[in-house]
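*Asks:* Numbering (my numbering), first residue to last: 29 to 106.
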């Protein structure tokens, strides 16, 4: 599936970048270009980073990404 239409990056390309050591959207952008242009795909890129790191036991999950994923408050529940 295409994740970043600006550069034609796929979810596999993002996962491969994470497997190669990227753990932030900026690092992914540097490796495969996804999220480096307009930024509309950065949320999706971060989700792929989190999922890839969580599925790979030998790679520690970046605490800040896990924190962002767990602290989302639904709209209207303030």
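From the three backbone atoms N, C-alpha and C, an ideal C-beta is built for every residue, glycine too. If you're wondering where the values come from, they're calculated on a predicted model, not measured in any experiment.
1) Do residue 41 and residue 62 have their C-beta atoms within less than 8 Å of each other?
2) For residue 84, count neighbouring C-beta atoms within 10 Å of its own C-beta (all shown protein chains included) and say buried if the count is 16 or more, exposed if not.
3) Measure from the alpha carbon of residue 81 to the alpha carbon of each residue in 36, 32 and 52, then state which is nearest.
4) Return the chain-ordered list of same chain residues with a C-beta closer than 8 Å to the C-beta of residue 70, the five sequence neighbours on each side being excluded.
5) Leaving out five residues on either side along the sequence, give the residues of the same chain with a beta carbon under 6 Å from the beta carbon of residue 73.
6) Going by DSSP, what residues sit across from residue 37 in a beta bridge?
*Replies:* Working from what's here:
1) yes
2) exposed
3) 52
4) 53 and 63
5) 42, 53, 56, 62 and 63
6) 32
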